[in-house]
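Enquirer:
Protein chains: 2
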Amino acid sequence: MSKPLILVTNDDGVMAPGIRALVEVADELGDAVVVAPDKPQSGMGHAITINATLRVNKIGKQHGTNFYSTTGTPVDCVKLAVHEILNREPDLIVSGINHGSNASTNVIYSGTMSAAIEGCLEGYPSIGFSLLNESIDADFEPSKIYAKKIIQEVLKNGLEKGVCLNVNIPNLSSREIEGIKVCRQARAKWSEKFDKRKDPGGKPYYWLTGAFENHDTGEDTDIRALNNNYVSVVPVQYDLTAYKSIKHLEKYDFNVE
Amino acid sequence: MSKPLILVTNDDGVMAPGIRALVEVADELGDAVVVAPDKPQSGMGHAITINATLRVNKIGKQHGTNFYSTTGTPVDCVKLAVHEILNREPDLIVSGINHGSNASTNVIYSGTMSAAIEGCLEGYPSIGFSLLNESIDADFEPSKIYAKKIIQEVLKNGLEKGVCLNVNIPNLSSREIEGIKVCRQARAKWSEKFDKRKDPGGKPYYWLTGAFENHDTGEDTDIRALNNNYVSVVPVQYDLTAYKSIKHLEKYDFNVE
Numbered sequence: 000m001s002k003p004l005i006l007v008t009n010d011d012g013v014m015a016p017g018i019r020a021l022v023e024v025a026d027e028l029g030d031a032v033v034v035a036p037d038k039p040q041s042g043m044g045h046a047i048t049i050n051a052t053l054r055v056n057k058i059g060k061q062h063g064t065n066f067y068s069t070t071g072t073p074v075d076c077v078k079l080a081v082h083e084i085l086n087r088e089p090d091l092i093v094s095g096i097n098h099g100s101n102a103s104t105n106v107i108y109s110g111t112m113s114a115a116i117e118g119c120l121e122g123y124p125s126i127g128f129s130l131l132n133e134s135i136d137a138d139f140e141p142s143k144i145y146a147k148k149i150i151q152e153v154l155k156n157g158l159e160k161g162v163c164l165n166v167n168i169p170n171l172s173s174r175e176i177e178g179i180k181v182c183r184q185a186r187a188k189w190s191e192k193f194d195k196r197k198d199p200g201g202k203p204y205y206w207l208t209g210a211f212e213n214h215d216t217g218e219d220t221d222i223r224a225l226n227n228n229y230v231s232v233v234p235v236q237y238d239l240t241a242y243k244s245i246k247h248l249e250k251y252d253f254n255v256e
Numbered sequence: 000m001s002k003p004l005i006l007v008t009n010d011d012g013v014m015a016p017g018i019r020a021l022v023e024v025a026d027e028l029g030d031a032v033v034v035a036p037d038k039p040q041s042g043m044g045h046a047i048t049i050n051a052t053l054r055v056n057k058i059g060k061q062h063g064t065n066f067y068s069t070t071g072t073p074v075d076c077v078k079l080a081v082h083e084i085l086n087r088e089p090d091l092i093v094s095g096i097n098h099g100s101n102a103s104t105n106v107i108y109s110g111t112m113s114a115a116i117e118g119c120l121e122g123y124p125s126i127g128f129s130l131l132n133e134s135i136d137a138d139f140e141p142s143k144i145y146a147k148k149i150i151q152e153v154l155k156n157g158l159e160k161g162v163c164l165n166v167n168i169p170n171l172s173s174r175e176i177e178g179i180k181v182c183r184q185a186r187a188k189w190s191e192k193f194d195k196r197k198d199p200g201g202k203p204y205y206w207l208t209g210a211f212e213n214h215d216t217g218e219d220t221d222i223r224a225l226n227n228n229y230v231s232v233v234p235v236q237y238d239l240t241a242y243k244s245i246k247h248l249e250k251y252d253f254n255v256e
């Protein structure tokens, strides 16, 4: 019997240490193929390339795994992999391991999670992994243990239709991590500030900065789990309909004479 | 009493005819200020600019409305407007009118809707408008009638916390449009194809193409409403948690020895 085919992508680019860690795990559990952006694409959200061309570059085999890079976004990578690069359908799509948190509302801005959501839209079980450490020197060894367990369970049990997983891992040693918790997305948000500067010609420009603020005190949130040293697993859907609001809106006067 | 302050943005860029149509409506109902991308940003999803600088360009007043462009994405425009450009909090954020559909799962790829979702994250009532006509010569007059009605109702009644509106308008005359329907997002998807070509040097490149396929036969979907000549209004939330799947996932063996 052939091993499961696991597509590996990310948003930090094909050279990021985080994707190497994920490839090692995927290679243990199946046949991994990497299709990832050729440059960092953090914060790209669910961007796709529709007004420009795309290139695919075959990097070659590394430790038995085929690596491809593309000039596109993480979502483009999933589309190119599924429709052009892979010679059979993947059994699983994994994205990451992202250098930095994608917990709570970060999921919306995240290229890592958009790749997973795209995989889910295409009909494949998909998981995004993120480690709460943005450093290039982050230690991914504890993450690998938890990524492996979660991938094993998803390969065994599958995922419900229209649902993928957003996995965030606290920046701790494996001894310090308490386990895995299934959670909901915390109602938190970025409180932005722009750092306004002047260029050498005296003209203003801006850097986006800010702090992440959580005022959600629920005990079932991903932020709470991470703060309590747990790996958080949030099931994520691409149906954005606010079903509870449909009744509310039906009271509005939408009659146009 | 001062008139409501309405921030207008889009993803087709500040020069697009669609945004002019929305500004005309916003100006009738309040004080409009435009902060929009300086170039087309279709398909940018919820992208933000975190590894590059941003510029803001004051274009000036046109028919009494202040126009600004930025070098950023639609989401960047909302953040810059709220935190740097507007001198008071907006009463409403509107995005569009997009040249082309953002119904069904298009909401995920849409820069227009990401601007509205960002406005909602920032805590303001927000609406994205799209006309089902991608042409630069599209007739926005019927859209203006429906945009006006919906904006009036939202200014009067507000929107529930964490919810914004995704409004799609069929490409019909105002006599042909049957009215406004509150709907859910249809479970449809893009069936992608890549158009593979060779550059003059013989190297391959790709264009993303494809067809939108709807297999959702529900009577309460946005696609159904549009096909029946109605304007569709879908309440959209940024909480992506698939709540129904939490119980399902708790059966998985997530114990790591």
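Listed in order, the protein sequences are those of chains A and B. Per numbering that gives the first Met the number 0, residue 0 is the first one in the first sequence, and the count goes up by one each step. Per numbering that gives the first Met the number 0, residue 0 is the first one in the second sequence, and the count goes up by one each step. Where a beta carbon is used, it is the ideal one built from N, C-alpha and C, also for glycine.
Specify, as a first and last residue, the run of the alpha helix (DSSP H) that A/Tyr205 falls within.
Expert: That residue, A/Tyr205, is in no alpha helix (DSSP H); its beta strand (DSSP E) goes 203 to 213.
Enquirer: Between A/Glu23, A/Asn65, A/Lys78, which has its C-alpha nearest A/Ile49's C-alpha?
Expert: Of the candidates A/Glu23, A/Asn65, A/Lys78, the one whose C-alpha sits nearest the C-alpha of A/Ile49 is A/Lys78.
Enquirer: Roughly how far, in whole angstroms, is the beta-carbon of A/Ile176 from the beta-carbon of A/Pro169, given that I think they are within contact range, below 8 angstroms?
Expert: Correct: roughly 6 angstroms between the Cβ atoms.
Enquirer: I'd like to check one pair, B/Tyr123 with B/Pro89: are the Cβ atoms closer than 8 angstroms?
Expert: Their beta carbons are under 8 angstroms apart, which means B/Pro89 touches B/Tyr123 by this criterion.
Enquirer: Check whether chain B comes within 8 angstroms of A/Lys192, counting only Cβ atoms and requiring the distance to be less than that.
Expert: Yes - at least one Cβ of chain B is within 8 angstroms of the one on A/Lys192.
Enquirer: Mapping the DSSP letters down to three states, classify A/Gln184 as helix, strand or coil.
Expert: Three-state result, A/Gln184: coil.
Enquirer: Exposed or buried, what is A/Thr240 when buried is set at 16 or more other beta-carbons lying within 10 Å of its beta-carbon?
Expert: By the neighbour-count rule (16 or more Cβ atoms within 10 Å), A/Thr240 is buried.
Enquirer: Is A/Ser103 closer than 8 angstroms to A/Asn213 when the C-beta atoms are compared?
Expert: The answer is yes: Cβ separation under 8 angstroms.
Enquirer: For B/Tyr229, name the three-state secondary structure that DSSP assigns.
Expert: Correct three-state label for B/Tyr229: strand.
Enquirer: Could you give the residue range of the alpha helix (DSSP H) that holds A/Pro73?
Expert: A/Pro73 -> alpha helix (DSSP H) spans 73 to 79.
Enquirer: Could you check whether the Cβ of B/Leu91 sits closer than 8 angstroms to any Cβ belonging to chain A?
Expert: False, the Cβ-Cβ gap to chain A never drops below 8 angstroms.
Enquirer: Hey, how far is the Cα of A/Pro3 from the Cα of B/Leu130?
Expert: Their backbone Cα atoms lie some 43 angstroms apart in a straight line.
Enquirer: Have a look at A/Gly29 and B/Gly71 and give me their C-alpha separation to the nearest angstrom.
Expert: Looking at the two C-alpha atoms, the distance is approximately 40 angstroms.
Enquirer: Write down the C-beta distance between A/Phe128 and A/Ser109 rounded to the nearest angstrom, noting that I regard them as a contact closer than 8 angstroms.
Expert: About 11 angstroms; that fails the 8 angstroms criterion.
Enquirer: Determine which residues share a DSSP beta bridge with B/Val166 and list them.
Expert: BP columns for B/Val166 point to B/Phe128, B/Val232.
Enquirer: Please classify B/Asp75 as buried or exposed, where buried requires at least 16 other C-beta atoms within 10 Å of its C-beta.
Expert: Its Cβ being crowded by 16 or more others within 10 Å, B/Asp75 is buried.
Enquirer: Got a sec: which bits of the region 42 to 53 of chain A sit with their beta carbon under 8 angstroms from any beta carbon on chain B, in order along the chain?
Expert: Within the region 42 to 53 of chain A, the residues whose Cβ lies closer than 8 angstroms to some Cβ of chain B are Gly42, Met43, Gly44, His45, Ala46, Ile47, Thr48, Ile49, Asn50, Thr52, Leu53, listed in chain order.
Enquirer: Counting Cβ pairs, one atom from each stretch, are 3 or more of them under 8 angstroms apart for the region 53 to 73 of chain B and the region 202 to 218 of chain A?
Expert: Flag = yes, the region 53 to 73 of chain B and the region 202 to 218 of chain A touch.
Enquirer: What residues in the region 1 to 20 of chain A have a beta carbon less than 8 angstroms from any beta carbon of chain B?
Expert: Listed by position along the chain: nothing, the set is empty.
Enquirer: Can you name, in chain order, every residue of its own chain whose Cβ lies under 6 angstroms from the Cβ of B/Ser125, other than the five neighbours on each side?
Expert: For B/Ser125, where only same-chain residues beyond five positions count, the Cβ hits under 6 angstroms are Ile92, Ala115, Gly118, Cys119, Cys163.
Enquirer: Taking the continuous alpha helix (DSSP H) assigned at B/Pro16, which residues delimit it?
Expert: 16 to 28 is the span of the alpha helix (DSSP H), which, as asked, contains B/Pro16.
Enquirer: Would you say B/Pro39 lies against chain A (beta-carbon separation less than 8 angstroms)?
Expert: Closer than 8 angstroms to some Cβ of chain A, the Cβ of B/Pro39 qualifies, so yes.
Enquirer: Below 8 angstroms, can you find three or more Cβ-Cβ pairs linking the region 7 to 21 of chain B to the region 35 to 44 of chain B?
Expert: Cβ pair count under 8 angstroms is three or more, so yes.
Enquirer: A/Arg174 touches chain B at which residues, Cβ-Cβ below 7 angstroms?
Expert: Going along chain B, no residue has its Cβ under 7 angstroms from A/Arg174, so there is no contact; the nearest lies around 12 angstroms.
Enquirer: Could you tell me the alpha carbon to alpha carbon distance between B/Thr8 and B/His82, rounded to whole angstroms?
Expert: In a straight line, the C-alpha of B/Thr8 is about 15 angstroms away from that of B/His82.
Enquirer: From A/Cys182 to B/Asp136, what does the alpha carbon distance come to, in whole angstroms?
Expert: For A/Cys182 and B/Asp136, the distance between alpha carbons rounds to 48 angstroms.
Enquirer: Taking just the CA atoms, how far does B/Pro234 sit from A/Gln184?
Expert: Between A/Gln184 and B/Pro234, the C-alpha separation is close to 19 angstroms.
Enquirer: Got a sec: is the Cβ-Cβ distance from B/Lys197 to anything in chain A below 8 angstroms?
Expert: Answer no: the Cβ-Cβ gap between B/Lys197 and chain A never drops below 8 angstroms.
Enquirer: Can you check whether the C-beta of B/Lys148 is within less than 8 angstroms of a C-beta belonging to chain A?
Expert: Chain A contact via Cβ: present.
Enquirer: Buried or exposed for B/Ser100, going by 16 or more other Cβ atoms inside 10 Å?
Expert: Its Cβ being crowded by 16 or more others within 10 Å, B/Ser100 is buried.
Enquirer: Classify A/Gly277: buried if its beta carbon has 16 or more other beta carbons within 10 angstroms, exposed otherwise.
Expert: Nothing about residue 277 of chain A can be read from this structure; chain A reaches only from 0 to 256.
Enquirer: For B/Tyr251, which of helix, strand or coil comes out of DSSP?
Expert: B/Tyr251: coil per DSSP, three-state reduction.
Enquirer: Have a look at the DSSP bridge pairing and note the partners of B/Gln151.
Expert: According to DSSP, which records beta bridges pairwise, B/Gln151 is partnered with nothing at all.
Enquirer: Take A/Glu133 and list the residues in its own chain whose beta-carbon comes closer than 8 angstroms to its own, dropping the five residues that flank it on each side.
Expert: The residues are His98, Gly99.
Enquirer: Here's the rule: buried if 16 or more other CB atoms are within 10 angstroms of the residue's CB, otherwise exposed. What is A/Thr208?
Expert: With fewer than 16 other Cβ atoms within 10 Å, it is exposed.
Enquirer: How would you write the range of the alpha helix (DSSP H) that A/Gly95 sits in, first residue to last?
Expert: A/Gly95 -> not in any alpha helix (DSSP H); beta strand (DSSP E) instead, spanning 91 to 98.
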